[in-house]
Every structure is written in C-alpha cells, then in structure tokens.
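Quick notes on the structure that follows.
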Amino acid sequence: MKQQTIILTGGGTAGHVSLNQAILPSLLELGYDVHYIGSEQGIEKELIGEAFPDVPFYGISSGKLRRYFSMKNFTDPFKVLAGIMQAFRIIKKVKPQVIFSKGGFVSVPVVMAAKVAGVPVVIHESDVTPGLANKIALPFASHIFTIFEETLQHLPQEKATCTGSIIRQELFTGNKAKGLSICGFTTSKPVLLVMGGSLGSVVLNDALRQNLPELLQTFQVIHLCGKGNNDQALESLSGYKQFEYVTTELPDLLHAADFVVSRAGSNSIFEFLALHKPMLLIPLSAQKSRGDQILNANLFKRQGYGEVLQEDELTKESFIKSVHTLSTRKSEMTATMEKTQRPKTPDEMAKLILQFKK
Numbered sequence: 139m140k141q142q143t144i145i146l147t148g149g150g151t152a153g154h155v156s157l158n159q160a161i162l163p164s165l166l167e168l169g170y171d172v173h174y175i176g177s178e179q180g181i182e183k184e185l186i187g188e189a190f191p192d193v194p195f196y197g198i199s200s201g202k203l204r205r206y207f208s209m210k211n212f213t214d215p216f217k218v219l220a221g222i223m224q225a226f227r228i229i230k231k232v233k234p235q236v237i238f239s240k241g242g243f244v245s246v247p248v249v250m251a252a253k254v255a256g257v258p259v260v261i262h263e264s265d266v267t268p269g270l271a272n273k274i275a276l277p278f279a280s281h282i283f284t285i286f287e288e289t290l291q292h293l294p295q296e297k298a299t300c301t302g303s304i305i306r307q308e309l310f311t312g313n314k315a316k317g318l319s320i321c322g323f324t325t326s327k328p329v330l331l332v333m334g335g336s337l338g339s340v341v342l343n344d345a346l347r348q349n350l351p352e353l354l355q356t357f358q359v360i361h362l363c364g365k366g367n368n369d370q371a372l373e374s375l376s377g378y379k380q381f382e383y384v385t386t387e388l389p390d391l392l393h394a395a396d397f398v399v400s401r402a403g404s405n406s407i408f409e410f411l412a413l414h415k416p417m418l419l420i421p422l423s424a425q426k427s428r429g430d431q432i433l434n435a436n437l438f439k440r441q442g443y444g445e446v447l448q449e450d451e452l453t454k455e456s457f458i459k460s461v462h463t464l465s466t467r468k469s470e471m472t473a474t475m476e477k478t479q480r481p482k483t484p485d486e487m488a489k490l491i492l493q494f495k496k
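Residue 139 is where the sequence shown starts when you use our numbering, and the numbers rise one by one after that.
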C-alpha cells in the first residue's frame with residue numbers, strides 16, 4: 139500500500155510554526171510522509187530543520203499585504219504569484235492527500251496552489267479574530283479550526299469548528315529542577331520569566347532591565363530577549379539569566395517559572411494556561427499590529443488567567459507595579475486556571491485534520 143502524504147505550511151514567527159511542530163510527531167507515528175513548505179528567510183526553516191531533519195523542507199517566495207502605504211505593496215504581489223507557481227510544482231511532485239496551514243503569509247501561495255491542484259486544505263486560526271493571511275486563504279480551504287469559540291462568529295458556519303487549544307506534549311515533560319539548574323538558580327526566590335516572542339521585544343526588554351535592581355530583591359529572572367538582544371554587561375548579574383532564544387530548554391524553563399510576563403500571542407498564552415502559570419500580558423499595540431493580541435489579552439484577563447498592561451501605558455513604574463499585582467494574585471489565578479478544560483493533544487488534532495483528506 140502506498141504511503142500517504144501530507145504537506146504542512148506556516149511561518150514568519152514561531153507562533154505560525156508551533157502547532158505544526160506539535161502535530162508532526164503524531165503524523166509520523168501514523169505513518170504519513172510529511173513535507174513542509176515555508177520561506178527561506180522565516181524562522182520555520184530553522185525550527186523544523188532542527189527538530190525534524192528528515193522532513194523535506196521547501197522554501198518558496200512569499201509577499202506580505204500591509205495595512206499601510208509601502209512600495210513593497212506593489213512588488214509583493216509578484217512574489218506571491220511566484221510562490222503560487224513554486225508551491226504548485228511542489229504539490230504536483232509530492233502528491234499530498236491533504237495540506238494543513240497554520241497561517242502566516244508564506245501559507246497563502248500554498249493554499250491557493252492547493253486549490254488549483256485539487257488538494258483539500260485545512261487551516262487553523264489561533265487568534266480571536268482571523269488574521270489577514272487566513273482571511274485570504276479561507277475561500278480556498280475545506281475547513282478551518284479555531285482555538286477561541288468567539289472566532290466562529292467571524293467564519294462561515296458550515297466549515298468552521300472550535301477545537302480549543304492544542305499544546306505540544308513536550309511542554310508537560312519539563313522539569314523545574316533542571317530549569318533552575320540551567321539558569322544557576324536556587325529555590326530561595328520565585329522565578330519570573332519574561333519573553334517578548336520569537337523575535338524579541340525592545341520595549342519589554344527595556345522595561346525589565348530598567349527594573350532589574352528592584353525585581354531581583356524579590357525574584358530570580360529568566361529573560362528570553364530575542365536574537366541579538368543580549369546585554370553583555372548583565373551576563374554575570376546574580377539571579378538574572380538571559381537567552382536570545384531557546385528551543386529544547388523551554389519546557390524546563392517554563393516549569394521553573396512561577397510567573398510569566400509576555401506578549402499575547404495565542405499559542406504562548408494557551409501554553410501558559412495549560413501549565414497554570416499566572417501571566418502578565420503586554421500585547422502588541424494597535425499601531426504595531428491588527429490588534430489581535432489586545433483581544434487575546436483582554437479575553438484572558440476577563441477569564442481570570444492574568445493581568446494586562448497595554449503597551450502604550452508601559453513605563454518603568456507601570457511595569458513594576460503590574461508585576462507586583464501579578465504576584466499577589468497567584469493563588470487566585472492558579473485556582474481559576476486549574477478549572478479549565480483539558481487542551482487537545484497533538485494526536486487528537488492530527489486525526490481531526492486527516493478526516494478531510496481526499
């Protein structure tokens with residue numbers, strides 16, 4: 139019997155890759171021949187290549203549609219067209235039974251090419267409202283899965299299903315003692331983990347470092363600051379450990395953390411929720427994004443999972459005040475998070491996707 143094949147796509151940021159990372163082992167275990175289409179420049183090439191070196195990776199051309207004036211808005215459509223042709227050739231060669239798209243602009247040419255090639259596409263939306271890439275992809279897709287129930291009101295009822303969150307199983311295997319050891323920390327003080335997403339965040343980095351002397355009186359601090367953002371002057375500071383980016387160490391660091399300060403990308407905040415980590419969310423401002431992180435953060439605050447500090451209200455003083463408020467509400471937030479529904483496993487998500495194969 140011929141081995142069945144699936145293509146995964148998605149990229150640009152770690153949030154558009156993490157679900158693919160989670161379900162890939164399940165698909166391999168089910169006997170599928172898995173291929174990945176991304177961009178040459180995106181973080182997906184590194185993440186997939188490091189974790190799954192035997193999974194073929196294809197880099198294609200992709201463009202980005204911007205909500206503001208840019209000369210690239212005139213040239214990027216040609217990149218998308220080139221990407222569609224490249225993706226079409228890959229699809230005809232690989233002959234998948236289904237394609238799964240996690241979003242990001244590299245996924246748009248793949249989804250369009252799949253429609254032309256007659257291959258069913260399943261897409262996934264992890265924010266409260268659909269992102270632009272998924273809005274463009276939706277007419278070409280057979281089905282769309284969402285994390286938030288609230289997202290369904292923005293989608294065609296006949297081809298949308300809310301699955302809830304899907305969490306990488308390796309996150310649950312993290313070890314607190316190992317995480318503390320990686321950082322050279324002890325159990326004498328609680329641990330605050332601060333992260334600004336896979337690309338880092340200058341405003342979060344600055345707010346944290348301005349407050350380090352006061353924070354280190356109460357906390358030990360793990361800082362995921364983004365590539366190129368390490369501060370060499372702080373390397374030997376006791377109780378403070380900085381990383382540009384982590385992969386295999388992340389489960390241990392999350393288990394070592396008592397509190398998390400983060401942007402409000404949905405993949406990350408659902409991981410914090412699953413691990414019952416009280417969180418201070420500082421979403422990307424509406425000036426820097428379409429506002430999806432603001433919606434995510436405000437929804438989590440209403441549900442009692444964390445505190446929110448809007449980026450345009452972020453100062454040295456508001457940051458330290460919000461961290462201390464978070465600390466005082468730990469027991470309340472943890473109890474609320476423990477009552478939430480169990481997240482879907484990658485095995486369950488893989489099976490949901492595969493029901494749409496041709």
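Glycine included, C-beta positions come from ideal geometry on N, C-alpha and C.
Going by C-alpha to C-alpha distance, which of I432, V359 and T386 sits closest to S374? The alpha carbon of S374 has as its nearest neighbour, out of I432, V359 and T386, the alpha carbon of V359.
Could you tell me which uninterrupted beta strand (DSSP E) segments, each at least 3 residues in length, are contained entirely in the stretch 412-441, listed from first to last along the chain? Every unbroken stretch of the beta strand (DSSP E) spanning 3 or more residues and falling wholly within the stretch 412-441 is given here in chain order: 417-419.
Runs of alpha helix (DSSP H) lying entirely within the stretch 305-344, each at least 4 residues, in chain order: For the stretch 305-344, whole alpha helix (DSSP H) runs of length 4 or above, ordered along the chain, are 314-321.
Span separating the alpha-carbon of S164 from that of R480: So the alpha carbons of these two residues sit roughly 18 Å apart.
Do three or more CB pairs link the stretch 306-323 to the stretch 377-392 at distances below 8 Å? Yes, the stretch 306-323 touches the stretch 377-392.
Excluding five sequence neighbours on each side, which residues of the same chain lie with their C-beta closer than 6 Å to the C-beta of S423? Once the five neighbours on either side are set aside, the close Cβ partners of S423 are E449 and D450.
Straight-line CA distance for V257 to L162? If I take the Cα positions, the gap works out to 19 Å.
Just to confirm, are L419 and G442 a CB contact at a threshold of 8 Å? No; because the gap between Cβ atoms is not below 8 Å, this pair is not in contact.
How about the stretch 408-419 and the stretch 343-353: do they share at least three Cβ pairs that are nearer than 8 Å? They do not touch, by the three-pair rule.
Using a Cβ distance threshold of 8 Å, determine whether the stretch 144-164 contacts the stretch 292-307, with at least three qualifying pairs required. Here the stretch 144-164 lies against the stretch 292-307, with 3 or more beta-carbon pairs under 8 Å apart.
In the DSSP output, which residue or residues are listed as bridge partners for F381? As a beta-bridge residue in DSSP terms, F381 pairs with L362.
Quick one: which unbroken alpha helix (DSSP H) runs of 4-plus residues sit fully inside the stretch 238-277? Chain order, please. Given a length threshold of 4 residues, each whole run of the alpha helix (DSSP H) inside the stretch 238-277 is given here in chain order: 245-255 and 270-275.
DSSP three-state label for K495, please. Here K495 sits in coil by DSSP.
Boundaries (first-last residue) of the beta strand (DSSP E) holding G176: G176: member of the beta strand (DSSP E) spanning D171 to S177, first to last residue.
Going by Cα to Cα distance, which pick from I458, L342, K365 and N313 is closest to L413? Comparing Cα-Cα distances from L413 to each of I458, L342, K365 and N313, the minimum goes to N313.
Minimum C-alpha distance to D396 - residue among T356, I274 and K253: Comparing Cα positions, the closest option is T356.
List, from N- to C-terminal side, the beta strand (DSSP E) runs of 3 residues or more that fit wholly inside the stretch 142-167. Segments of the beta strand (DSSP E) lying fully in the stretch 142-167: 143-147.
Taking all protein chains shown into account, do 16 or more other C-beta atoms lie within 10 angstroms of the C-beta of T386, making it buried, or fewer, making it exposed? Looking at its Cβ environment, which holds fewer than 16 other Cβ atoms inside 10 Å, T386 is exposed.
Cutting at 6 Å between CB atoms, please list the residues of its own chain near H173, excluding the five before and the five after it. Closer than 6 Å at the Cβ level, and outside the excluded window around H173, lie I145, P194 and V232.
Which value, in whole angstroms, describes the spacing of the CA atoms of E409 and D390? Spanning the two alpha carbons is a distance of roughly 13 Å.
Of the choices P234, M487 and S156, whose alpha-carbon is the least far from that of T301? Comparing Cα-Cα distances from T301 to each of P234, M487 and S156, the minimum goes to M487.
Count the CB pairs spanning the stretch 459-473 and the stretch 247-256 that are closer than 8 Å, and state whether there are at least three. Contact check between the stretch 459-473 and the stretch 247-256: fewer than three CB pairs, one atom from each, fall below 8 Å, which does not count as touching.
Is it buried or exposed for T284, if we count other Cβ within 10 angstroms and need 16 for buried? So T284 counts as buried.
Alpha-carbon spacing of R227 relative to E263, whole angstroms: The alpha-carbon of R227 is positioned some 26 Å away from that of E263.
Nearest-angstrom beta carbon gap, V446 and K439 [assumed within contact, 8 Å]: With a Cβ gap of about 5 Å, K439 and V446 count as contacting.
Could you tell me whether the Cβ atoms of N405 and E382 are closer together than 8 Å? Remark: C-beta atoms of N405 and E382 do not approach each other more closely than 8 Å.
Grouping DSSP H, G and I as helix and E and B as strand, with all else coil, what is A225? Residue state for A225 is assigned as helix, using DSSP reduced to three classes.
Express the C-alpha separation of K140 and D430 in angstroms, rounding to a whole number. Rounded to the nearest whole angstrom, the C-alpha separation of D430 and K140 is 42 Å.
Going by the CB atoms, is the gap between G187 and G150 shorter than 8 Å? No; because the gap between Cβ atoms is not below 8 Å, this pair is not in contact.
Hey, quick one: how far does the alpha helix (DSSP H) through I198 stretch, first residue to last? Segment F195 to I198 is the beta strand (DSSP E) holding I198; no alpha helix (DSSP H) there.
Taking DSSP as the reference, what is the three-state secondary structure of E182? The three-state secondary structure of E182, taken from DSSP, is helix.
Buried/exposed call for E178, threshold 16 Cβ in 10 Å: Looking at its Cβ environment, which holds fewer than 16 other Cβ atoms inside 10 Å, E178 is exposed.
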